[in-house]
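Here the structure comes first, spelled out in structure tokens, and everything after it is commentary.
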Amino acid sequence: MQTATTLKEYKSEVDKALNNKFQRKALDNFARAYPVARANAFAGMEIDQLIQKVADIKGQALSRLDELYAQFKANAEQKGIHVHLAADADEANRIIAAIAKNGQAKKVVKSKSMTAEETLLNHHLEAQGLEVTETDLGEWIIQLRHEGPTHMVMPAIHLSRYQVADLFSDVTGSKQETEIERLVKVARRELRQKFVEADMGVSGANFALADTATIGLTTNEGNARLVTTLPRIHVALVGLDKLLPTLADALHVNRVLPRNATGQAITSYVTWITGPNPCASGETGKKEMHIVFLDNGRRALAKDPVFSQVLRCVRCGACANVCPVYRMVGGHQLGHIYIGAIGLIATYFFHGRDKAKNLVQNCINCGACKAVCAAGIDLPGLIKEIHARIQDETDHPLSSVLLGKLLGNRSLFHTLLRTAQKAQAPVAKKNGFMRHLPLIFSKAHNFRALPAIAKFPFRDRWPVIKKTKKTARATGPRVALFAGCVQDFVYPEQLEAGVALMQHHGAALSFPMDQSCCGLPAMMMGEKSAAREVARRNILAMHGEKTDHIVTLCASCASHLKHNYPKLFADDPAMLNTVQRFADKVIAFSTFMNDVIKIPETTSASAGTKTTYHAPCHLCRGMGEKKAPGELIRKAGLDFVPAKEEETCCGFGGSFSGKFPQISSQILATKLADIKATGAELLVTECPGCVMQLRGGIEKSGMNIDVKHIAEAMVKRL
Amino acid sequence: MTPDHALIETFTEKAEAVSARIIRVASPMEAFTHAAGVCDTKQACQRLVSGCEASLSEKADALCETKQDKVMAAPNLSDTAFSDLEKICREKSIRLIKDNLHSHLAGIDIGFTWADWAIAETGTLVINSTSEDLRLSTMVSEIHMALLPVSRIKASALDLTEQLGAWMSAPADYTAFITGASRTADIERVLALGVHGPLELHILLLEDN
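Next comes the structure, spelled out in structure tokens:
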């Protein structure tokens, strides 16, 4: 739960979480195990097609939400189900409390429901004097601890067996062993009598089928079956987004949900309940059945052209499973009630701006969540949209306004970089790092050495390159080079290496001088209008060039230019064609070398250095390029030893590492351990940001590994 | 119709992957004998293995005390089948019940049921559980045994939409997909079976073709 009011308070809670050793270990183990389990569960299936099917089914259902609700209600009432529609959380809680009162219920058993967490139902019912018992093991544990879940599927993943044993000792009044199997049986026996005594059962639902008024529940423990069977009253609290037209739709979604959530082909139980079933403890021998549908902003959200996809979420929790930030800080810091990437977004819509304003800044934009989402939701994109929206609704922090203004003015920005280059002279070391950090940085930033700004940026070197014969006489594919500010001003040698390689293979290069920063930093800071302005300038800068490809050696620039530029101008018909033509030409360096130039294998006989590779997030996911760098490394005759978790973020995230240095440094430490384990002497990657992070971290930790942009590594093997 | 061996094999493999035990039987009688045999040799209260000696709160202990005999429930057998099974049970001093499961909530040893359908892709049993006694037999038993004619195995759940749609059109319906035993990984992600439901699932595959 978010209680922090300021970013500073939030950061201090994040720091506390980073020091929670048990949680760190548990989440790290899980982060390593999950991708394997998921891949096994989907083995032999077309994942992308299955996910697209879920997106289509949910999308279509959302477009006719009101109609599906009306159909469900009519069918349900005909079968004797009481159907309620709650406008918001309070109303849902009041309705459920009233059902209990009218039914003279005193004791309530609950099965897991994120929707009930959303409305804080337990608190409300307890305040009315009802005894409420969560019966899902994880939920019961956190209920006893008076805290919220830290994962949507595994709510108590942050707790150890020792903590659970202590808790159960308190509950039973006798000392309990710490063996997990025993603890599970203690819960089984303690909770069984709660089921027996309860007169009302509250469940959620994963599906609500309009054509038969059926609800579907997916569970593993079997507690939901008892909750919906034993007590004489059953209340299901269901978000309107759970409505689907038919059983077949739900069965399609359920092929993806459990596989994506826990790597199971299906959960132990999938329960389909239609109408008031026989119930011996019911007055009429039948169950009293209520379904409370919750709106809480969903009907409006379903109509939003950008954000309606939020409601496609099937609550599998996968976006947390793969999030490098979640892995470090856990669910109490990466969510309010809903957790993970979807949690950052859902918090804004269901719990308001105040709860969301700090959270949405804690996204490193690695895109791992988007790549794994069961419903194909553009999670990082929406997080950035909300960040920008919150700043528009409130105030833009001065730092972010200044950054936006600065990036929007190329000559001012570049002059500032040149001035900074001169000013850094006293602290710049010969090896290219700063001796110590400039004073504007706090100690927390000291986990990596930062590079000095280059004396001559690439743009000053270009006029010389331009005049060479190689440039003038080239007849190969026409390439406009997009530099990006880090390579232009900090690592011009990476661009020179790339230029040398492309020219060696005959590419005809140009470098339009009016280009500037790609604008991604402005997006990351929630400065959407500045990002648009920079984008417009870059598009115009390239517009006059007769070029086949726009090649960039920075993966973050590449994916921003290719995928975010068209989105930035989605509502500008005048720009749309131009921007799409621009975006279509954008290609990552390794893709260009491997797939367009199709460079041959090296003829060099000299043995290659033992080399490993870090896949930049914006290359492997942003650009979808997973193969070319590995092939290029092999073609260059280097001895390639892939690292574990090659595609996991290095912790840079641009301005993220400036805002959350502690998280960034911990993600980096995990990455460096995997790199070290390969025994490689050379680490290559394809993004200057990753180079900055990895090289800086390796320098600080005293490891003896050379970090190079892939172009630098290849040019040496020419 | 000859049995679809590939389908049976997939079903078996997927069900066993989630801890279900598959036992091939040639007749319902063989299934009854198997069930009674397992019930006879199993511990009186399987929860003993993992916790009965641990003391609980008074109420939970009191509920546990209510279960003393070996009890098997078979709510959806035909009358003749029920009396066949009852005969075998009686020889082994097992009490066989058909209804009133509400007074056995502390648990029974075995819930013996027919399965209506099965899904090969996931190793899943599909059981129409609208009868409360049937439902409870599959929930409060320590071992759930399901008799499944091989002809009822379908490739995927989507092959059953028509049949299930018909059930769900009724005024009341409770359809259960059951795959393996009740499980949790809520403490330290360590898999534990039998948290609220059966500790074991036995599927008795009946050659009916």
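These protein sequence lines map, in sequence, to chains P and V.
All residue numbers for the first sequence refer to my numbering, where the first residue is 1 and numbers rise by one.
All residue numbers for the second sequence refer to my numbering, where the first residue is 1001 and numbers rise by one.
Glycine included, every Cβ here is placed at the ideal spot set by N, Cα and C.
Q.
Once the 5 residues before and after P:Ala156 are set aside, which same chain residues still bring their CB inside 6 Å of it?
A. Counting only Cβ-Cβ distances below 6 Å, and skipping sequence neighbours, we find Gly138, Ile141, Ile142.
Q | Inter-residue spacing [alpha-carbon to alpha-carbon] between P:Ser113 and P:Val202 | A | Taking the straight line joining both Cα atoms gives about 9 Å.
Q. Among P:Ala248, P:Lys58, P:Phe656, P:Leu407, which residue has its Cα nearest to the Cα of V:Ser1156?
A. When only C-alpha atoms are compared, the closest one is P:Ala248.
Q) Straight-line CA distance for P:Val171 to P:Gln361? A) If I take the Cα positions, the gap works out to 39 Å.
Q: Determine contact between the stretch 86–106 of chain P and the stretch 230–247 of chain P, defined as no fewer than three beta-carbon pairs at a distance below 8 Å.
A: Contact holds: three or more Cβ-Cβ distances are below 8 Å.
Q: For P:Thr274, name the three-state secondary structure that DSSP assigns.
A: P:Thr274 falls in the strand class under three-state DSSP.
(Q) I need the straight-line Cα distance from P:Ala669 to P:Leu416, nearest angstrom please. (A) Using only the alpha carbons, I get a separation of about 32 Å.
Q | Residue(s) in a DSSP beta bridge with V:Phe1177 | A | P:Val270, V:Val1126, per the DSSP bridge assignment.
**Q.** Nearest residue (CA-CA) to V:Ile1203, options V:His1104, V:Ser1083, V:Asp1116
**A.** Of the candidates V:His1104, V:Ser1083, V:Asp1116, the one whose C-alpha sits nearest the C-alpha of V:Ile1203 is V:Asp1116.
Q) Mind listing which residues of the stretch 1131–1163 of chain V have their C-beta closer than 9 Å to chain P's C-betas, in chain order? A) So the list reads Ser1131, Glu1132, Asp1133, Arg1135, Leu1136, Thr1138, Met1139, Val1140, Ser1156, Ala1157, Leu1158, Leu1160, Thr1161, given in the order they occur along the chain.
Q) Considering only residues of the same chain and omitting the five flanking positions on each side of P:Gly404, which have a CB-CB separation below 6 Å? A) Close CB contacts of P:Gly404 within its chain, under the 6 Å cut and outside five residues either way in sequence, are with Ala522, Glu527, Ala530 (chain order).
Q: Could you tell me the distance, in whole angstroms, from the CA atom of P:Asp706 to the CA atom of P:Ala33?
A: Distance from the CA of P:Asp706 to the CA of P:Ala33, rounded to the nearest whole angstrom, comes to 30 Å.
Q: Using only the heavy atoms of the ligand COA, determine whether one of them is closer than 7 Å to the beta carbon of P:Ala605.
A: What this structure holds is no ligand at all, so the ligand COA is not there to describe.
Q: Kindly list, in the order they appear in chain V, the residues whose Cβ is closer than 9 Å to that of P:Phe30.
A: Counting only Cβ-Cβ distances below 9 Å, P:Phe30 has contacts in chain V at Arg1189, in chain order.
Q | Status (buried if at least 16 other CB within 10 Å, exposed otherwise) for P:Tyr162 | A | Here P:Tyr162 is exposed, its C-beta having fewer than 16 other C-beta atoms within 10 Å.
Q: Just tell me which of P:Ala583, P:Val372, P:Glu179 has its CA closest to the CA of P:Gln49.
A: Ranking P:Ala583, P:Val372, P:Glu179 by CA distance to the CA of P:Gln49 puts P:Val372 first.
Q: Following the continuous alpha helix (DSSP H) through V:His1005, name the residue where it begins and the one where it ends.
A: Going by DSSP, V:His1005 is part of the alpha helix (DSSP H) stretching over 1005–1017.
Q: Sort V:Val1140, V:Thr1175, V:Glu1009, V:Ala1185 by Cα distance to V:Ile1022 and report the nearest one.
A: Of all alpha-carbon atoms in V:Val1140, V:Thr1175, V:Glu1009, V:Ala1185, the one lying nearest the alpha-carbon of V:Ile1022 is that of V:Glu1009.
Q: Answer yes or no: does any C-beta atom of chain P fall closer than 8 Å to that of V:Leu1125?
A: No - not a single Cβ of chain P is within 8 Å of the one on V:Leu1125.
Q | Whole alpha helix (DSSP H) elements within the stretch 578–607 of chain P, 4-residue minimum | A | Whole alpha helix (DSSP H) segments, 4+ residues: zero.
Q) Helix, strand or coil for P:Asp639 per DSSP? A) Three-state DSSP puts P:Asp639 in a strand.
Q: Just list the beta strand (DSSP E) runs in the stretch 1067–1144 of chain V, keeping only unbroken ones of 3 residues or longer that don't cross its boundaries, in chain order.
A: Counting only runs of 3 or more, we get 1071–1073, 1095–1097, 1108–1114, 1117–1119, 1124–1128.
Q: Taking V:Leu1007 as the query, report the chain P residues whose CB atoms sit under 9 Å from its CB, ordered along the chain.
A: Under the 9 Å cutoff, chain P gives no residues; its nearest Cβ is about 16 Å from V:Leu1007.
Q. For V:Asp1040, which residues in chain P fall below 9 Å Cβ to Cβ?
A. Per Cβ cutoff of 9 Å: no residues; V:Asp1040 is ~23 Å from chain P at best.
**Q.** Contact set for P:Gln485: own chain, Cβ-Cβ below 6 Å, skip 5 residues either direction
**A.** Before going on, a small fix: residue 485 of chain P reads as Cys here, not Gln. If we look at P:Cys485 and ignore the five residues flanking it on each side, its Cβ neighbours are Cys517.
(Q) Which of the three DSSP states is assigned to P:Ser203 in this structure? (A) P:Ser203 carries a strand assignment under DSSP once its states are collapsed to helix, strand and coil.
Q) Taking all protein chains shown into account, do 16 or more other C-beta atoms lie within 10 angstroms of the C-beta of P:Leu412, making it buried, or fewer, making it exposed? A) Burial call: exposed.
Q: Answer with buried or exposed for V:Gly1037, where buried requires no fewer than 16 other C-beta atoms within 10 angstroms of its C-beta.
A: The residue in question, V:Gly1037, is exposed, as its Cβ has fewer than 16 Cβ neighbours within 10 Å.
**Q.** Terminal residues of the beta strand (DSSP E) in which P:Gly216 lies
**A.** Start and end: 214–219.
Q) With 16 as the cutoff for other CB atoms within 10 Å, does P:Gly222 come out buried or exposed? A) With a threshold of 16 other beta carbon atoms within 10 Å, P:Gly222 meets it and is buried.
Q. Got a sec: which bits of the stretch 1026–1037 of chain V sit with their beta carbon under 8 Å from any beta carbon on chain P, in order along the chain?
A. Contact residues of the stretch 1026–1037 of chain V toward chain P are absent (C-beta to C-beta distance below 8 Å).
Q) Pick from P:Cys323, P:Gly239, P:Cys279, P:Gly282: whose alpha carbon is nearest that of P:Cys313? A) The residue with the shortest Cα to Cα distance from P:Cys313 is P:Gly239.
Q) Can you tell which of P:Thr212, P:Lys644, P:Thr271, P:Gly653 has its C-alpha closest to the C-alpha of V:Glu1162? A) Closest by alpha carbon: P:Thr212.
Q. Hey, how far is the Cα of P:Asn29 from the Cα of P:Leu144?
A. Rounded to whole angstroms, P:Asn29 to P:Leu144 spans 25 Å at the Cα level.
Q. Do P:Ser655 and P:Met525 come within 8 Å of each other at the CB atom, strictly closer than that value?
A. The beta carbons of P:Met525 and P:Ser655 sit closer together than 8 Å.
**Q.** chain P residues whose Cβ lies nearer than 8 Å to that of V:Gly1194
**A.** Simply Val184, Lys185, Arg188.
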